[in-house]
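Quick notes on the structure that follows.
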Ligand code: ADP
C-alpha cells in the first residue's frame, strides 16, 4: 500500500465484482459493452441484465475509451467500462492502455467518486503481457494523480497470487 498526495493506492487479490466498499469498479469491457468472459462476465453476471440494457446506447466504444454507467445489482455506485487494446493488434497499444487508466480516473473524478477499483485491463483474452501492462497502469496513475481531488483510493484487484505479487513489485518500482 502506498499513499501519495493523500491518495491510497493498493493491490489486493480478489474478484472485481465483489468490492463492496468501493464506489466505482472498472470493467475490462468489450466494444459492444456486453457480457463476455473474464471481468466483463463476472461484472454483468453480478449486476444483472439491467447493466447491458443501460449500456446498449453507449456502445460501441473504441480502444482507450471509458464510459460510465450505474451498478445495478452490484454493491457499488458506478461501473466504468474501458475497452483495452488487443495486444499486437490495436496500435499504439501502450498509449491506448494508458488512455484507459487515465480516462477512467477522469470520469471517476467528474462523478465525484471517492474510491475506484481496477482489474488488469487487457491482460486476459486481449493478451497484453502482465508486467508491461502493470508498468503502464502505475505510470499512468502516477501522471494523473495531480488532477485528482475527489478520488482518494485506487485499488487494483488481481485474480491470482502471482499477478498480485507482480503488481506489488511494479507499484514499488514505479510509484
Ligand atoms: P481483457 O479482455 O481486457 O484482456 P479479461 O477479462 O479477459 O480482459 O482479463 C483481464 C484480467 O482480469 C486478467 O488478468 C484476468 O485474469 C483477470 N480477471 C478475470 N476475471 C476477474 C475477476 N472476476 N476479477 C478480477 N480480475 C479478473
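Residue numbers (the working numbering): 8 to 182. We put the beta carbon where it would ideally sit given N, CA and C, even for glycine. Computed from a prediction, not measured in an experiment: that's the story for all the values here.
Nearest to residue 75 by alpha-carbon distance, out of 146, 92, 107, is 107. DSSP lists 31, 77 as the beta-bridge partner residues of residue 85. Taking the CA atoms as reference points, residue 27 sits about 12 Å from residue 85.
Looking at the backbone, the Cα of residue 182 and that of residue 122 are separated by about 18 Å. Between residue 164 and residue 142, the C-beta gap is not smaller than 8 Å, which leaves the two residues out of contact.
Between the beta-carbon of residue 91 and that of residue 124 there is about 16 Å, and that puts the pair past the 8 Å contact cut. Per DSSP, residue 121 lies in no alpha helix (DSSP H) and is assigned neither H nor E. If you look at residue 165, you'll find it isn't in any alpha helix (DSSP H); it sits in the beta strand (DSSP E) that goes 160-165. DSSP places residue 20 in the uninterrupted beta strand (DSSP E) bounded by 14-20.
Of the other Cβ atoms in all chains shown, 16 or more fall within 10 Å of the Cβ of residue 36; this residue is therefore buried.
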